[in-house]
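J.: Take this structure first; my questions come after.
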Amino acid sequence: MKSNFISKMVFSCFGKKTIYTNNLIKYCVSIYIVFSVSFFSSAQKITITGNLNDQTHNPIEYFHAMLLSSNDSILIVGGAFLDGNFELIAPNKGDYILSFSCLGYQSRHENMSITQNTDLGEIRLKQTNLNLKEVNIAARRPSFKEKRGKIIMNVVNTSISDLGSTIDVLERAPGVIIDNQNNISVFGKGSPLIFIDDKEVVVNNELESIQSDDIASIEIDRNPSAVYSSNARSVIRIKTKKAKRDQLNVQAYNYATFARKFQNFTGVKVNNTKGKLSNFFQFAYENTKLKTPTENFQYNYQQNYTIQNNSNTTENLKRNRYILFLGSKYSINTKNEINFQYSYNGLYDENNTLSVQKINKTNELEDIRRITNHTNEDREQHNSNINYKLEIDSISYYSLSMDFARISAPSKSNIQELNPTQNSELQSKILNSNTYHVYTLNSRYQYSLLSQFKSAVGIKLAQIENSGNTESTYLPNNDIFYQGRNVIKDKVLAGYFTVNKQLRNVNFDVGIRLEHSITKIKSNRETVVDCNSTDVFPSLLINYQIDKNKHITFSYAKKNSRPSFSELNPSLDYIDSLSYEQGNPLLKPTIYHSFALDYCPLKKLSFSAEYTNLKNTILFTGINDPVNPDIIKHTAINIDRSEKINFMSNYSYSVNNYSFFISNGVEFPIINAPYLNSEIKIRRASWYSQIRNDIYLNKNILLYCKFKYQSKTNYDLTIMRNRYNLSCGIQTKVLQKKLLISLSANDILNNYNADWYNKYQNIKSGQLRDHDTSYLRLYIRYNFNNFKNVFNKKNMNSEELNRL
Numbered sequence: 002m003k004s005n006f007i008s009k010m011v012f013s014c015f016g017k018k019t020i021y022t023n024n025l026i027k028y029c030v031s032i033y034i035v036f037s038v039s040f041f042s043s044a045q046k047i048t049i050t051g052n053l054n055d056q057t058h059n060p061i062e063y064f065h066a067m068l069l070s071s072n073d074s075i076l077i078v079g080g081a082f083l084d085g086n087f088e089l090i091a092p093n094k095g096d097y098i099l100s101f102s103c104l105g106y107q108s109r110h111e112n113m114s115i116t117q118n119t120d121l122g123e124i125r126l127k128q129t130n131l132n133l134k135e136v137n138i139a140a141r142r143p144s145f146k147e148k149r150g151k152i153i154m155n156v157v158n159t160s161i162s163d164l165g166s167t168i169d170v171l172e173r174a175p176g177v178i179i180d181n182q183n184n185i186s187v188f189g190k191g192s193p194l195i196f197i198d199d200k201e202v203v204v205n206n207e208l209e210s211i212q213s214d215d216i217a218s219i220e221i222d223r224n225p226s227a228v229y230s231s232n233a234r235s236v237i238r239i240k241t242k243k244a245k246r247d248q249l250n251v252q253a254y255n256y257a258t259f260a261r262k263f264q265n266f267t268g269v270k271v272n273n274t275k276g277k278l279s280n281f282f283q284f285a286y287e288n289t290k291l292k293t294p295t296e297n298f299q300y301n302y303q304q305n306y307t308i309q310n311n312s313n314t315t316e317n318l319k320r321n322r323y324i325l326f327l328g329s330k331y332s333i334n335t336k337n338e339i340n341f342q343y344s345y346n347g348l349y350d351e352n353n354t355l356s357v358q359k360i361n362k363t364n365e366l367e368d369i370r371r372i373t374n375h376t377n378e379d380r381e382q383h384n385s386n387i388n389y390k391l392e393i394d395s396i397s398y399y400s401l402s403m404d405f406a407r408i409s410a411p412s413k414s415n416i417q418e419l420n421p422t423q424n425s426e427l428q429s430k431i432l433n434s435n436t437y438h439v440y441t442l443n444s445r446y447q448y449s450l451l452s453q454f455k456s457a458v459g460i461k462l463a464q465i466e467n468s469g470n471t472e473s474t475y476l477p478n479n480d481i482f483y484q485g486r487n488v489i490k491d492k493v494l495a496g497y498f499t500v501n502k503q504l505r506n507v508n509f510d511v512g513i514r515l516e517h518s519i520t521k522i523k524s525n526r527e528t529v530v531d532c533n534s535t536d537v538f539p540s541l542l543i544n545y546q547i548d549k550n551k552h553i554t555f556s557y558a559k560k561n562s563r564p565s566f567s568e569l570n571p572s573l574d575y576i577d578s579l580s581y582e583q584g585n586p587l588l589k590p591t592i593y594h595s596f597a598l599d600y601c602p603l604k605k606l607s608f609s610a611e612y613t614n615l616k617n618t619i620l621f622t623g624i625n626d627p628v629n630p631d632i633i634k635h636t637a638i639n640i641d642r643s644e645k646i647n648f649m650s651n652y653s654y655s656v657n658n659y660s661f662f663i664s665n666g667v668e669f670p671i672i673n674a675p676y677l678n679s680e681i682k683i684r685r686a687s688w689y690s691q692i693r694n695d696i697y698l699n700k701n702i703l704l705y706c707k708f709k710y711q712s713k714t715n716y717d718l719t720i721m722r723n724r725y726n727l728s729c730g731i732q733t734k735v736l737q738k739k740l741l742i743s744l745s746a747n748d749i750l751n752n753y754n755a756d757w758y759n760k761y762q763n764i765k766s767g768q769l770r771d772h773d774t775s776y777l778r779l780y781i782r783y784n785f786n787n788f789k790n791v792f793n794k795k796n797m798n799s800e801e802l803n804r805l
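Under the numbering used here, the letters of the sequence shown match residues 2 to 805, in that order.
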């Protein structure tokens, strides 16, 4: 590493002074003073922490902890806690009674004398003989809370636990945005890294097969530490419920969607726990038909003429998808656990597209073309994982995970282009094939450093190998007009260290991550990229607990966003006679420096603000083909610098059988880009709002309604029009709550299509796409023998797979 690295890193953060960075520095100094004054003014308060588990060392999902006076048992402080972790603040030194209670467990009371900050480690509760099947748990807990800059949404015993899939639950999470293709993003942060029970999700399709009633809670971390990949600007962690006894469980479910075309998704899950061994089986099948009309437009402004290219396209997609998952978990003893699993995801698409293309060139007659494109695409993914975990004590553990994935994605397109103007016909065939091999190894050790700090150290090794071929031929003679073979090899070695310390009411979390990457790209046996890079990614979080409900958090993190393989791969994809799509192997990673401030003045109300400085931002746009400027090449590019400022607020309210939630956000981009011999200054503020209402008509029938709005939005150079979505539904449970029936209506006003346009250099392009977002969905789920999850899907290679 170069000796002047630190000075370069500081310059990259603050080197270019703007009004925003100057104000930001002043703001940070003010925050530091507030922290310092508040810290010393509350020096006498004492923090009590620990972990509440059952007899098998599993965290108790939801419980109450209280600190009582030892003299008269008067409540001093208390509250409800999730996932086994609790933290109580005593006003001063003295003798107290610590009390724990949870439905289905024996209450526990401990007399203790407190003189200093105390970590009690693991505390266990014994289960009672109460038959929980006969108990109706009607509690509906607060829908979300904020803890140290992270938003935690409770799912257990709330209305959202019966919505259907994990995607349905995430749609109601604060600041989470899901588009028409179920792509998940966090407001102001882009695509998140998703974990289920501390293991990465490989592909988002996996979320559709996990049922909402398997989920205990969802945590949204907008400022993840150095523990996570440098590519992770936000993290979503999903905690699932666990079965408490040996049994065989079966669950069958089905989604039937009625829109322009009928769609169906059906599946069955079987699990079994017997002593130390748990087994899980899942199979799901999707049959989807979609009809999507689209209007595309392109304006190519040359010095002496302009080409206007408009097309009206109708896509008819037929999709069959198969999901298979097999897993086994063996608990060697109470501290050692080993897991094996295999998953298969097969996607088979048949897409028939009919387009009418109109080309207008200055001083020339209009050229009309009718294009039919019949494409078959198969994608098969096999993923295997073995992982081991050793629980050393209530704080310390060691984990090791190894993954291997193989993905094959061949496609074949037959294209016919009729030109009535010139009375000509052109037929062509395009064959594409891509094969990926992904190897990953993760190791993590969490421990107590010097008995005073919670620390973690870990390494990650990943290697991706891609081999791709593209061949384009004219029919009927099979004359080859393009042929390409591309090989991409990408290796990453990463190591990290984090330390956490609680000092009275202030919590410090500091981390550093070192990543070394090697990338080699060959196109037709010629090396186009051969680079090595090493970078350091620090993170800092300071949380000050003002009182039981109020806290403030400041955080900083340096992150990067590495280009996806589709953005790098130099193979060509045909769009029409005047445009194509191609990857850019010379793309650089985007570097982010983010500063965030979160404030929670009330238990159910939170605010956040963030400033981000970006270098080498990756944008997707249209540029002129280097050989023929009449043709537009759609590709990814880098722009030097940009900035973003965003604000967000969340509020929830519940009383009796009614609950209400609202989340709002606004973002200010600061981007300069060239267009038509001048410069576009992008400063337009964009905002979103999400509102949800739940009403229980009785203990088994729920009515719900949600509304989402997104204003006209700048996604870097791409501008998307405003859109909104009004959705409602009703659900009921019958047959001793084993059968759930839910009927929902999505996008009732039919106004949630993401129309967009893009301006860069001398090209303007855009799309008006009429997605099939207005639909009725019938969801039916039946649980045999009170189904509960006993096995959690565990993968640690999602970062690599999401780049493919």
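All residues carry an ideal CB built from backbone N, CA and C; glycine is no exception. Given the structure is predicted, the values throughout are model-derived calculations rather than measurements.
Thinking C-alpha only, which one of Ile619, Arg514 and Gln484 is nearest Val493?
T.: Per the Cα distances, Arg514.
J.: Taking all protein chains shown into account, do 16 or more other C-beta atoms lie within 10 angstroms of the C-beta of Asn132, making it buried, or fewer, making it exposed?
T.: Any answer about Asn132 is weak, because its pLDDT of 44 lies below 50 and its placement is not dependable; what the coordinates show is given next. That one is exposed.
J.: If you draw a straight line from the alpha carbon of Phe101 to that of Thr535, how long is it in whole angstroms?
T.: Their Cα atoms are separated by approximately 49 Å.
J.: Can you list, in chain order, the residues of its chain whose CB lies under 7 Å from that of Ser425, leaving out five sequence neighbours each side?
T.: Hits under 7 Å: none found.
J.: May I have the straight-line CA-CA distance separating Gln711 from Gln56, to the nearest angstrom?
T.: For Gln711 and Gln56, the distance between alpha carbons rounds to 48 Å.
J.: Roughly how many angstroms separate the alpha carbons of Cys532 and Leu569, rounded to a whole number?
T.: Approximately 14 Å, taken between the alpha carbons.
J.: Kindly indicate which residue of Pro225, Asn118, Asp695 and Tyr256 has the alpha-carbon position closest to the one of Thr554.
T.: Measuring from the Cα of Thr554, the nearest candidate turns out to be Pro225.
J.: Answer with buried or exposed for Pro602, where buried requires no fewer than 16 other C-beta atoms within 10 angstroms of its C-beta.
T.: Flag for Pro602 reads exposed.
J.: So, helix, strand or coil for Ser449, using DSSP?
T.: In the structure shown, Ser449 sits in a strand (DSSP, three-state: E or B).
J.: Can you check DSSP and say which residues form a bridge with Cys729?
T.: Partner(s): Cys706 and Ala746.
J.: Out of Tyr483, Ala410, Asn420 and Asn374, point me to the one whose CA is closest to Lys359's CA.
T.: Checked all of Tyr483, Ala410, Asn420 and Asn374; the closest Cα to Lys359 is Asn420.
J.: Out of curiosity, what's the CA-to-CA distance linking Leu348 and Phe538?
T.: For Leu348 and Phe538, the distance between alpha carbons rounds to 37 Å.
J.: Give me whichever residues DSSP pairs with Ile431 in a beta bridge.
T.: Note: Ile431 sits in a beta bridge opposite Ser414 and Ser473.
J.: By DSSP's criteria, Asn723 is part of a beta bridge. Which residues make up the other side?
T.: DSSP, once it has assigned bridges, lists no residue as partnering Asn723.
J.: Is Pro571 near Leu588, with beta carbons less than 8 Å apart?
T.: No.
J.: Which term fits Phe263, buried or exposed, when burial requires 16 or more other beta carbons within 10 angstroms of its beta carbon?
T.: The residue is exposed, with fewer than 16 neighbouring Cβ atoms inside 10 Å.
J.: Anyone know if the C-beta pair for Asn752 and Tyr725 falls short of 8 Å?
T.: Yes, these two residues count as a Cβ contact at 8 Å.
J.: To the nearest angstrom, report how far apart Asn118 and Leu740 are at their CA atoms.
T.: Roughly 48 Å between the two C-alpha positions.
J.: What residue does the alpha helix (DSSP H) around Asp574 start on, and which one ends it?
T.: Looking at the DSSP string, Asp574 is not in any alpha helix (DSSP H); the run it does join, the beta strand (DSSP E), is Leu573 to Asp577.
J.: Under 8 Å by Cβ, that's how I've got Ala406 and Asn384 pegged, so tell me the actual separation to the nearest angstrom.
T.: Ala406 to Asn384, Cβ: 4 Å. Contact.
J.: Return the residue from the list Lys490, Ser540 and Ser518 that minimises the CA-CA distance to Asp510.
T.: Comparing Cα-Cα distances from Asp510 to each of Lys490, Ser540 and Ser518, the minimum goes to Ser540.
J.: Would you give the residue range spanned by the alpha helix (DSSP H) that Phe566 belongs to?
T.: Its alpha helix (DSSP H) spans residues Phe566 to Leu569.
J.: Which of the three DSSP states, helix, strand or coil, is assigned to Thr167?
T.: If DSSP states are grouped into helix, strand and coil, Thr167 belongs with the helices.
J.: Answer yes or no: do Asn647 and Glu611 have a C-beta to C-beta separation smaller than 8 Å?
T.: A contact, by the Cβ cut-off of 8 Å.
J.: Are the CB atoms of Lys709 and Gln691 nearer to each other than 8 Å?
T.: Yes, they are a contact pair.
J.: For Asn222, I'd like the list of residues in its chain whose CB is within less than 6 Å of its CB, leaving aside the five on either flank, ordered along the chain.
T.: The residue asked about is misnamed: residue 222 is Asp in this sequence, not Asn. Only Lys151 and Val236 meet the Cβ criterion.
J.: How many angstroms separate the CA atom of Gly328 from the CA atom of Phe284?
T.: Approximately 12 Å between the Cα atoms of the pair.
J.: With a threshold of 16 other CB atoms inside 10 Å of the CB of Arg141, please say whether the residue is buried or exposed.
T.: Low confidence applies to Arg141: its pLDDT is 47, below 50, so where it sits in the model is not reliable, and the reading given next is rough at best. That one is buried.
J.: Buried or exposed for Asn506, please, with buried defined as at least 16 other CB atoms from any protein chain shown within 10 angstroms of its CB.
T.: So Asn506 counts as buried.
J.: Quick one: any contact between the segment 360-377 and the segment 318-325, if contact means 3 or more CB pairs under 8 Å?
T.: Short answer: they don't touch.
J.: So the beta strand (DSSP E) Asn763 belongs to, where does it begin and stop?
T.: Note, Asn763: premise wrong, no beta strand (DSSP E); not H, not E.
J.: My output table needs one value for Gln333: the three-state DSSP class, helix, strand or coil.
T.: The residue asked about is misnamed: residue 333 is Ile in this sequence, not Gln. Note: Ile333 maps to coil in three-state DSSP.
J.: Just how far apart, CA to CA, sit Arg486 and Gly512?
T.: Near 41 Å, if we compare the C-alpha coordinates of Gly512 and Arg486.
J.: When we look at the beta-carbon of Arg693 and count the other beta-carbons within 10 Å, is it buried (16 or more) or exposed?
T.: It counts as buried.
J.: Suppose the cutoff is 6 Å on Cβ atoms and the five residues either side in sequence are ignored; what does the same chain contact list for Lys682 look like?
T.: The answer, listed in chain order, is Asn673.
J.: For Pro92, does the count of other Cβ atoms within 10 angstroms reach 16, so buried, or fall short, so exposed?
T.: Per the 10 Å Cβ criterion, exposed.
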